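Visitor: My questions will all concern the structure given below.
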């Protein structure tokens, strides 16, 4: 084995892939060879380091220097300056958003320093395609411990004691779910990993699957032993091809190492895994729809009970957990329930991964103890709102959740307090919105999504959400009436009470939550026919100031509808009938003579 | 991905069917692999699958049309899937979409006359950290702007 004097960890997560990390990686390998350093310096392609917006990112050890937005052209400089001469390449260092102060060390950047990584422990640290790197991080230790020294009951007891709850949305106690499945009568049982992460704005599961697939495989095998199953399925969405590829690779290697398949660790216990790839249906994240999909049917949900723990896949008792839940389990086994339950709040133990997206400086994934406040997550880890804009709201729980506003910034975030604040934990997506976002538009947008994804099986969801969407669309077009708000609330209440599955039952939440928190904004659309955030196109009006306009004609030449007319050197005018509100004129005007109302 | 108009390679299809025939519930796998042959699932392909599996054609068709990633009409060589979910929406996905529409002269759901590009919406790609984002076949692209998207399309 080679001992290296330095390690260069290059993020190979999908975010950095999209910004070109492969070219940086290739360049590193060729340049290291050119400098004859390939035996001294090791380049590792890791999973997602977390700061997607700064990609491609890398960390250079032993110092732990974090470089951002690295281009292939920067590689030679990093090698010659940093790795040979020991001088940091300062222009690639992270800068604190507010002050511009440079922070060279990974551990001193708030985004990383304030995290406590359990589920994401190896993501961004190891090469997910090298099983030895996972093993070196105590990988498969928990499985060995469980198979050689625990009874299934003891495993379940550890989970119950730890207080771990499902990270996929509902927050059901994981230990109890395992116990129900174990105690359900039947010889054949199944373990399923729900990796159909579909909530817009949530991408932690993708990151775990791509960056640490063995943690899921190990946990599922432990689950198989605990509940008495010999077969597992990972249902992963087709939109994540890299995750599928990494999982396939990891399953193959786990087989080769005797950690999956027949007679694991020579203990006589056998468990195997198969990947099932979805085909583009959000509703398949709902567990009964997911079961139908694995069985090769249309992914339509069915009423519960019976719950999957008693009648799941092919009618057999089935344990279904989400990716992040599974990723916590090996650590809980290794470090014990007492350690785990010290982290978090009274009823929500451990950590939660949040996916920061939208109008926030540092987008990406952060894992923090349950009970961390929204303010800490958005302003300390996330570095605040870009361009000195004002924070307006944060949507948690995706299209099933609600929005949190300024008054909720200091609320500790855990399962209960998020529900009390009118939202929900969901899978941990956190979409930050600033003053430029219209909340009516956002509500309409979420509803459009759930409407589109409704499977159509039950009437409240199929028809009800459609009617709600029509009303919201009307409001954003300036055709709303005051009684529409009442009607929306009435429809929402009955859909929530009568829809068949979680998708329909939670679809009205964003509407209710925005009406509750931003009633004024709805009323401005309805009474004044005005969109305060200047988003809803039908309500916008562009006009040319006759004082500022110099009559250059640039706006008229750029108008796609020929809606602007005038004579050279005299003020131009916009024909409001023809204007499609594209905003081209505003962008092009060199004299700031065009205003938007 | 193969060209949209190449003939039905029945031999490949029967290989796929042989591989999965014995394992229950593998209709989705069969459809996915069958689609990979031609880029879409033609009526003939669906009929053949139904016959071989001994299930009604209506059921196969029902499954194929339930999932948005199965296509029953021909698609282009490159499928541009633009993410229009909330994080991309609030960071300007509409403008990116408008640029693609203008550059290629097609709207979502359509294919360019030369059969090179199809444009469609996708559900969240999980690339919210680099929104707005899109995929072209299996390749991911983030932090899109009008200029960048034009550059990307021209590189294909």
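Residue numbers (the numbering used here), protein chains in the order written: chain A, 1 to 597; chain B, 1001 to 1156.
Heads up, the beta-carbon is just placed ideally off N, CA and C, and yes, glycines get one too.
The structure presented is a predicted model; accordingly, all values stated were derived computationally and were not measured.
(1) With DSSP collapsed to three states, give me the class of residue 36/A.
(2) I'd like to know whether the C-beta of residue 407/A is nearer than 9 Å to at least one C-beta of chain B.
(3) Evaluate residue 590/A with the Cβ neighbour count: other Cβ atoms within 10 Å of its Cβ, from every protein chain shown; 16 or more gives buried, anything less gives exposed.
(4) Measuring CA to CA, which of 90/A, 24/A, 114/A, 139/A is closest to residue 598/A?
(5) Since residue 1027/B meets chain A, which of its residues come closer than 9 Å, beta carbon to beta carbon?
(6) For residue 53/A, decide whether its Cβ has a neighbour in chain B, counting only Cβ atoms nearer than 9 Å.
(7) Only counting the same chain, and skipping five residues up and downstream in sequence, which positions put a Cβ closer than 7 Å to that of residue 1002/B?
(8) Note the first and the last residue of the continuous alpha helix (DSSP H) segment covering residue 600/A.
(9) Any beta carbon from chain B within less than 9 Å of residue 205/A's own beta carbon?
(10) Counting only Cβ pairs nearer than 7 Å, list the residues of chain B close to residue 67/A.
(11) Would DSSP call residue 1088/B helix, strand or coil?
(12) Going by beta carbon distance, what residues of the same chain come within less than 7 Å of residue 91/A, once the five residues before and after it are set aside?
(13) Go through the stretch 1022-1093 of chain B residue by residue and report every complete run of the beta strand (DSSP E) that reaches 3 residues or more, in order.
(14) What number of angstroms, rounded off, separates the C-alpha of residue 516/A from the C-alpha of residue 437/A?
(15) Which partner residues of residue 422/A appear in the DSSP bridge assignment?
(16) Residue 22/A: which of 324/A, 5/A, 43/A sits nearest, CA to CA?
(17) Roughly how many angstroms lie between the CA atoms of residue 584/A and residue 537/A, to the nearest whole one?
(18) Leaving out the 5 sequence neighbours to the left and right, which residues in its chain are closer than 6 Å to residue 93/A when beta-carbon positions are compared?
(19) Please state whether DSSP places residue 543/A in a helix, a strand or coil.
(20) Taking Cβ-Cβ distances shorter than 8 Å, what residues in chain A pair up with residue 1175/B?
(21) Using a C-beta cutoff of 9 Å, does residue 1008/B count as contacting chain A?
(22) At the 9 Å Cβ level, is residue 1141/B part of the contact set with chain A, yes or no?
(23) For residue 1135/B and residue 1080/B, what's the separation of their Cα atoms in angstroms?
(24) What runs of the beta strand (DSSP E), each 3 residues or longer, lie entirely inside the stretch 310-363 of chain A?
(25) Look at residue 392/A and residue 441/A and say whether their C-beta atoms are less than 9 Å apart.
(26) If I measure Cβ to Cβ from residue 1006/B and keep anything under 8 Å in the same chain, skipping five residues before and after, which residues do I get?
(27) Taking C-beta to C-beta, are residue 1097/B and residue 1108/B nearer than 9 Å?
(28) Looking at the unbroken alpha helix (DSSP H) that takes in residue 496/A, where does it start and where does it end?
(29) To which residues of the same chain is residue 411/A closer than 6 Å at the C-beta, ignoring the five residues directly before and after it?
(30) Among the residues of its own chain, which have a CB less than 7 Å from the CB of residue 513/A, if the five just before and after it don't count?
(31) Using a Cβ-Cβ distance under 9 Å, would residue 70/A count as near chain B?
(32) Count the other CB atoms within 10 Å of the CB of residue 1043/B; is the residue buried (16 or more) or exposed (fewer)?
(33) Which residues, in order along the stretch 270-304 of chain A, keep a beta-carbon less than 9 Å from a beta-carbon of chain B?
(34) Taking only beta-carbon atoms, is residue 515/A less than 9 Å away from chain B?
(35) Are the stretch 466-479 of chain A and the stretch 519-534 of chain A in contact at 8 Å, needing three or more beta carbon pairs?
(36) Would you report the Cα separation of residue 261/A and residue 223/A, rounded to the nearest angstrom?
Guide: So, from the data block:
(1) coil
(2) no
(3) Answer is exposed; the Cβ neighbour count stays below 16.
(4) Outside the shown range of chain A, which is 1 to 597, sits residue 598/A, and nothing can be said about it.
(5) Ordered by position in chain A, the residues that pass the 9 Å Cβ test against residue 1027/B are 295, 296, 297.
(6) yes
(7) Note that residue 1002/B scores a pLDDT of 39, beneath 50, so its modelled location is shaky and nothing firm can be said.
(8) Since the displayed chain A opens at 1 and closes at 597, residue 600/A lies outside it and no answer follows.
(9) Residue 205/A counts as touching chain B.
(10) Per Cβ cutoff of 7 Å: no residues; residue 67/A is ~17 Å from chain B at best.
(11) helix
(12) none
(13) 1078-1083
(14) Within the model, the alpha-carbon separation for residue 516/A versus residue 437/A is close to 17 Å.
(15) Paired residue(s): none; residue 422/A is not in a bridge.
(16) Considering only 324/A, 5/A, 43/A, the residue with the shortest C-alpha distance to residue 22/A is 43/A.
(17) 13 Å
(18) 102, 104
(19) Strand at residue 543/A.
(20) Residue 1175/B lies beyond the range of chain B shown here (1001 to 1156); nothing can be said about it.
(21) Per-residue confidence for residue 1008/B stands at a pLDDT of 49, beneath the threshold of 50, marking its modelled position as unreliable; the derived number appears in the next sentence. For residue 1008/B, the answer is no, since every Cβ of chain A falls outside 9 Å of its Cβ.
(22) yes
(23) 6 Å
(24) With a minimum length of 3 residues, the continuous beta strand (DSSP E) runs that stay inside the stretch 310-363 of chain A are 318-322, 351-358.
(25) no
(26) Residue placement at residue 1006/B is flagged as unreliable, the pLDDT there being 43, under the threshold of 50; a coordinate-derived value is accordingly withheld.
(27) yes
(28) 483-498
(29) Excluding sequence positions up to five before and after residue 411/A, its CB lies within less than 6 Å of the CB of 417, 421, all in the same chain and listed in chain order.
(30) 402, 403, 422, 423
(31) No, because no Cβ of chain B sits closer than 9 Å to the Cβ of residue 70/A.
(32) By the neighbour-count criterion, in which a residue is buried when 16 or more other Cβ atoms sit within 10 angstroms of its Cβ, residue 1043/B is exposed.
(33) 276, 277, 278, 279, 280, 281, 282, 284, 293, 294, 295, 296, 297, 298, 299, 300
(34) Using a Cβ-Cβ cut-off of 9 Å, residue 515/A does not count as an interface residue toward chain B, since no Cβ of chain B sits closer than that to its own.
(35) yes
(36) 14 Å
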